[in-house]
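Chemist: Next up is a structure, given as structure tokens.
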Amino acid sequence: MGLLRALSGLRTALAKTETALLVGIAAVMILMAFLQVILREVFSAGILWGDIFLRHLVLWAGFLGGAIAAEKKSHFAIDVLQKALPERTRAFVSLAIHAAAVACLVLLVRAAVDFYRYELDAGSILFTVGEVSVPEYALNSIIPAGFILLAVHFFLNGLTEALEMFFGSGR
């Protein structure tokens with residue numbers, strides 16, 4: 035099994051896991067929002083923690099969706115200039131773009147980890163369900179994790195492109 039095949043398998047497994055999580059989160063969001071509407075319309079009351087939970091799930095969905103888009107290379111990109119370049123130059127520019135994206139994401143990961151540590155130290159409670167208190171850091175953990183996922187995708191895409199550029203796609 036070649037390195038490219040192993041990278042492809044890793045990328046596929048990661049994308050499938052992210053997609054499954056995103057589908058699960060979307061299902062929970064739809065059910066929770068529907069339940070909130072029914073409870074408010076029929077009983078004039080809703081789940082106290084429902085809205086804040088939904089807002090945090092939107093954050094999770096956004097990061098997971100961004101990771102999936104990065105894997106598929108369908109993320110937001112301005113590539114008008116790149117399409118005008120010769121193929122060999124385009125490959126080097128693409129590698130530089132991937133490297134720059136990874137570098138920026140590493141900085142964002144660092145800031146997100148600092149934020150997460152502050153949340154952890156503060157010990158703030160986001161909401162309480164019965165006897166269970168849900169700490170803010172638990173649902174905000176997607177921020178550093180999401181940036182890490184994005185960095186991994188950009189790194190793996192860049193590495194795959196580099197290997198294909200230098201060794202061909204047959205290896």
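For the sequence shown, my numbering assigns the number 35 to the initial residue and increments by one for each residue that follows.
No residue lacks a Cβ here, since even glycine has one placed at the ideal position from N, Cα and C.
Computed from a predicted model, the values in this text were never measured in an experiment.
Express the C-alpha separation of residue 104 and residue 43 in angstroms, rounding to a whole number.
Modeler: Counted from its first residue, the sequence shown places residue 43 at position 9. Counted from its first residue, the sequence shown places residue 104 at position 70. Near 16 Å, if we compare the C-alpha coordinates of residue 104 and residue 43.
Chemist: Consult DSSP for residue 169 and reduce its assignment to one of helix, strand or coil.
Modeler: On the sequence shown, position 135 is the one that residue 169 refers to. Strand, per DSSP.
Chemist: So what does DSSP say about residue 159, is it helix, strand or coil?
Modeler: One-based indexing of the sequence shown puts residue 159 at position 125. Strand.
Chemist: How about residue 197 and residue 38: do their beta carbons lie closer than 8 Å?
Modeler: If you number the sequence shown from 1, residue 197 lands on position 163. If you number the sequence shown from 1, residue 38 lands on position 4. Taking 8 Å as the Cβ cut-off, residue 197 and residue 38 qualify as a contacting pair.
Chemist: Please state if the CB of residue 146 and the CB of residue 102 are separated by a distance shorter than 8 Å.
Modeler: The residue labelled residue 102 in the question sits at position 68 within the sequence shown. The residue labelled residue 146 in the question sits at position 112 within the sequence shown. It is not a contact, given that the beta carbons lie outside the stated cut-off.
Chemist: How is residue 117 classed by DSSP in three states: helix, strand or coil?
Modeler: The residue you call residue 117 lines up with position 83 of the sequence shown. If DSSP states are grouped into helix, strand and coil, residue 117 belongs with the helices.
Chemist: Could you please give the first and the last residue of the uninterrupted alpha helix (DSSP H) stretch that includes residue 189?
Modeler: Position 155 of the sequence shown, counted from the first residue, corresponds to residue 189. 176-201 is the extent of the alpha helix (DSSP H) around residue 189.
Chemist: From the DSSP output, in three-state form, read off residue 131 for me.
Modeler: Along the sequence shown, one-based indexing puts residue 131 at 97. Residue 131 falls in the helix class under three-state DSSP.
Chemist: Quick one: give me the first and last residue of the alpha helix (DSSP H) that residue 79 is part of.
Modeler: Residue 79 sits at position 45 when you count from the first residue of the sequence shown. Note, residue 79: premise wrong, no alpha helix (DSSP H); not H, not E.
Chemist: Check residue 90 in the structure and name its three-state DSSP category.
Modeler: By one-based count along the sequence shown, residue 90 stands at place 56. Residue 90: helix per DSSP, three-state reduction.
Chemist: With three or more C-beta pairs closer than 8 Å as the rule, is the stretch 79-89 touching the stretch 57-67?
Modeler: As far as the Cβ criterion goes, the stretch 57-67 touches the stretch 79-89, which means the pair count is three or higher.
Chemist: Apart from the five residues on each side of it in sequence, which residues of its chain come closer than 7 Å, Cβ to Cβ, to residue 173?
Modeler: The residue you call residue 173 lines up with position 139 of the sequence shown. 90, 160, listed in sequence order.
Chemist: Between the alpha carbons of residue 206 and residue 108, how many angstroms are there, rounded?
Modeler: Since the displayed the chain opens at 35 and closes at 205, residue 206 lies outside it and no answer follows.
Chemist: How many Å lie between residue 156 and residue 167 at the Cα?
Modeler: In the sequence shown, the residue the question calls residue 156 occupies position 122. In the sequence shown, the residue the question calls residue 167 occupies position 133. Approximately 14 Å between the Cα atoms of the pair.
Chemist: So residue 132 and residue 192 are in contact, right, with Cβ under 8 Å, and what is the actual spacing, rounded?
Modeler: Residue mapping note: residue 132 aligns to position 98 of the sequence shown, counting from 1. Residue mapping note: residue 192 aligns to position 158 of the sequence shown, counting from 1. Right, the Cβ-Cβ distance comes to about 3 Å (below 8 Å), so this counts as a contact.
Chemist: Which whole-angstrom value describes the C-beta separation of residue 152 and residue 175, a residue pair presumed to lie in contact below a C-beta threshold of 8 Å?
Modeler: In the sequence shown, the residue the question calls residue 152 occupies position 118. In the sequence shown, the residue the question calls residue 175 occupies position 141. In fact, because the Cβ distance is near 13 Å, the residues do not count as touching under 8 Å.
Chemist: List the whole-angstrom C-beta distance separating residue 56 from residue 99, where the pair is believed to meet the contact cut-off of C-beta under 8 Å.
Modeler: Taking the sequence shown and counting its residues from 1, one reaches residue 56 at position 22. Taking the sequence shown and counting its residues from 1, one reaches residue 99 at position 65. Confirmed, about 6 Å.
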